[in-house]
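Below you'll find the structure, written out as structure tokens, and then a few comments.
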Amino acid sequence: MSSVDRIDLLSLTPEELRAALRAHFAARRQPGYRAEQVERWIFQEMARTFDEMTVLPVAERNALGEAFRIDEPEPATIQVSGDGTVKHLWRLADGELVESVLIPTERRLTLCISSQAGCAMGCTFCATGWGGFDRQLTAGEIVGQYRGSRRWAEENAYGPITNIVYMGMGEPLANRKAVHPSLTILNQGYDVGARRITVSTVGVVPGILELAGRPEQFRLALSLHAPDTDLRREIIPLEKRHPLPELIEALEHFDDAGGKRITFEYTMIDGINDDLTLIQPLAELADRVDAFVNLIPFNPIPYQPDWGPSPKQRIRAFESGLSDRGVAVAVRETRGRDIDAACGQLRGHTLVQIERHSRTATSGDAAPDPIPADLA
Ligand code: SAH
Ligand code: SF4
10 MSSVDRIDLL SLTPEELRAA LRAHFAARRQ PGYRAEQVER WIFQEMARTF DEMTVLPVAE
70 RNALGEAFRI DEPEPATIQV SGDGTVKHLW RLADGELVES VLIPTERRLT LCISSQAGCA
130 MGCTFCATGW GGFDRQLTAG EIVGQYRGSR RWAEENAYGP ITNIVYMGMG EPLANRKAVH
190 PSLTILNQGY DVGARRITVS TVGVVPGILE LAGRPEQFRL ALSLHAPDTD LRREIIPLEK
250 RHPLPELIEA LEHFDDAGGK RITFEYTMID GINDDLTLIQ PLAELADRVD AFVNLIPFNP
310 IPYQPDWGPS PKQRIRAFES GLSDRGVAVA VRETRGRDID AACGQLRGHT LVQIERHSRT
370 ATSGDAAPDP IPADLA
């Protein structure tokens with residue numbers, strides 16, 4: 010069987026995995042407990058090959074290798090920042106590159122993972138957006154970043170991964186076919202609590218509604234970045250398809266679904282979205298869906314050479330303005346700046362260097378245009 014015909018075990022939910030393995034072993038007249046044995050080796054031992062599954066007879070390991078594969082990405086580079094942030098650049102089976110970032114803080118170890126190779130959304134402040142869309146990741150490629158990062162963290166005394174955020178490359182809700190199973194696999198297979206997993210979206214309304222419909226309490230982060238539709242459409246092309254009023258309605262639905270927390274991400278770009286008059290409308294939106302607001306200083310990207318982060322005082326003014334209006338707010342420091350650990354930056358730089366990207370960034374309207382229908 011060629012590698013494409015073999016089923017990738019890392020892409021299966023625990024239920025699917027058990028069913029596939031039971032059928033496999035039944036056809037080979039093997040006892041039923043073999044399926045549970047392999048399941049344990051996948052989720053608990055994080056085996057990368059069938060040869061590692063030493064509880065199985067050699068003939069069974071070989072037979073598994075003919076029917077299935079375990080496609081874990083290989084690290085292409087690993088960079089450790091002065092502040093302890095770790096960036097993995099993963100090489101996928103077809104040579105495609107994606108990244109994930111481990112962010113240690115006093116009480117947590119957060120893993121930021123990618124959901125697509127590139128991104129089709131074309132937000133003008135985002136390096137990944139400027140690089141364009143390459144392809145969807147499979148559930149196994151998303152989960153593989155967790156497995157590889159967890160292994161690295163264990164080997165390097167970083168401790169267990171406590172939180173996962175879908176804030177690496179790509180728009181997770183434009184890859185729901187893989188992201189939904191990946192959430193199930195991380196939650197049920199690897200035992201990461203749903204409330205410790207956050208899906209970040211730029212506003213894919215059908216995806217928000219789908220996530221609201223799931224019984225688990227996965228968290229949602231909305232990359233808001235502007236509290237009115239005219240300003241937002243200048244920096245986020247998807248705003249034209251799903252404008253703020255529709256988006257907020259979907260968030261209200263998510264909020265009503267019970268026990269589910271919403272965070273607004275607000276990247277502060279000097280002179281673009283940091284006018285003091287925006288504080289009031291931002292507070293009103295946060296109040297409507299009971300959102301927590303994260304203010305993030307813009308991380309400069311080569312595609313927008315004239316854009317910089319808002320000055321510290323401006324960020325503080327937003328923080329106190331929101332807080333005075335009763336909104337829960339925090340200013341997020343940029344981590345791992347020395348290794349470009351923010352948002353598709355490493356791969357972005359690699360592409361710039363290798364391909365000498367032809368796109369020049371001048372103004373907001375240079376944003377890549379329409380998002381293919383199947384991606385939003
Ligand atoms: N596509 C999803 C998740 C990946 S982007 C989304 O947009 O939400 C993760 C976060 O990084 C988003 O909040 C995004 O707006 C932010 N981001 C992108 N480029 C940035 C930059 N140059 N500086 C600061 N934050 C940025
Ligand atoms: Fe894609 Fe998110 Fe970057 Fe926008 S901010 S281009 S949705 S990765």
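Residue 10 is where the sequence shown starts when you use this note's numbering, and the numbers rise one by one after that.
Idealized CB from N, CA, C, for every residue including glycine.
Values in this document were obtained by computation on a predicted structure and should not be read as measured data.
Please report the straight-line C-alpha distance between residue i and residue j, rounded to a whole angstrom.
i: asparagine 172; j: glycine 335; result: 27 Å
i: tyrosine 167; j: leucine 19; result: 24 Å
i: aspartate 279; j: glutamine 313; result: 12 Å
i: alanine 326; j: histidine 97; result: 35 Å
i: valine 89; j: valine 95; result: 4 Å
i: glutamate 261; j: alanine 235; result: 18 Å
i: leucine 65; j: arginine 43; result: 8 Å
i: glutamate 258; j: isoleucine 244; result: 21 Å
i: arginine 31; j: asparagine 184; result: 29 Å
i: proline 224; j: serine 124; result: 21 Å
i: proline 84; j: glutamine 145; result: 19 Å
i: arginine 27; j: glutamate 48; result: 7 Å
i: valine 302; j: glutamine 289; result: 13 Å
i: glutamate 45; j: aspartate 92; result: 41 Å
i: methionine 62; j: methionine 55; result: 10 Å
i: leucine 384; j: leucine 285; result: Confidence at leucine 384 is low in this model, with a pLDDT of 45, below 50, so the placement of that residue should be treated as unreliable; the coordinate-derived value is given next. Leucine 384 and leucine 285: Cα-Cα distance of roughly 34 Å.
i: leucine 294; j: lysine 269; result: 17 Å
i: threonine 22; j: glutamate 255; result: 32 Å
i: glutamine 53; j: glutamate 164; result: 16 Å
i: alanine 29; j: aspartate 237; result: 49 Å
i: proline 309; j: isoleucine 87; result: 22 Å
i: alanine 68; j: methionine 176; result: 42 Å
i: glycine 267; j: arginine 204; result: 12 Å
i: isoleucine 281; j: leucine 287; result: 11 Å
i: tryptophan 316; j: leucine 240; result: 16 Å
i: tryptophan 139; j: valine 107; result: 15 Å
i: proline 318; j: glycine 345; result: 16 Å
i: threonine 114; j: arginine 341; result: 12 Å
i: alanine 129; j: lysine 249; result: 14 Å
i: arginine 160; j: isoleucine 170; result: 10 Å
i: aspartate 200; j: threonine 193; result: 10 Å
i: glutamate 328; j: tyrosine 275; result: 11 Å
i: alanine 36; j: histidine 251; result: 49 Å
i: glutamate 25; j: glutamine 197; result: 12 Å
i: arginine 242; j: proline 215; result: 19 Å
Report yes if the C-beta distance between residue i and residue j is below 7 Å; otherwise report no.
i: valine 213; j: leucine 229; result: no
i: alanine 300; j: leucine 331; result: no
i: alanine 187; j: alanine 148; result: yes
i: isoleucine 151; j: serine 191; result: yes
i: glycine 127; j: glycine 141; result: yes
i: proline 306; j: threonine 272; result: no
i: threonine 119; j: methionine 178; result: no
i: cysteine 121; j: valine 174; result: yes
i: aspartate 80; j: arginine 70; result: no
i: methionine 277; j: leucine 304; result: yes
i: serine 420; j: leucine 231; result: As displayed, the chain neither begins before 10 nor continues past 385, which places residue 420 out of reach and without an answer.
i: aspartate 432; j: arginine 323; result: For the chain, the structure presents residues 10 to 385; residue 432 sits outside this window and is missing.
i: aspartate 264; j: valine 298; result: yes
i: serine 109; j: glutamine 154; result: yes
Going by DSSP, name the residue or residues bridged to residue i.
i: aspartate 17; result: Arg78
i: glutamine 125; result: Gln145
i: arginine 100; result: Glu83, Leu106
i: tyrosine 275; result: Leu304
i: proline 113; result: Leu118
i: tyrosine 175; result: Val208
i: arginine 228; result: Thr207
i: valine 89; result: Val95
i: alanine 339; result: Asn303
i: glutamine 318; result: Correcting the residue type first, residue 318 is proline in the shown sequence and not glutamine. Answer by DSSP bridge pairing, in chain order: Ile278.
Just checking my contact of residue i with residue j at CB under 8 Å: how many whole Å lie between their CB atoms?
i: phenylalanine 227; j: leucine 220; result: 6 Å
i: proline 82; j: arginine 100; result: 6 Å
i: glutamate 180; j: threonine 210; result: 7 Å
i: arginine 15; j: arginine 78; result: 4 Å
(message) Can you tell me which residues fall inside 5 Å of the ligand SF4, judged by beta-carbon distance to its nearest heavy atom, and keep chain order?
(response) Cys128, Met130, Cys132, Cys135, Thr137, Gly138, Glu180, Val211
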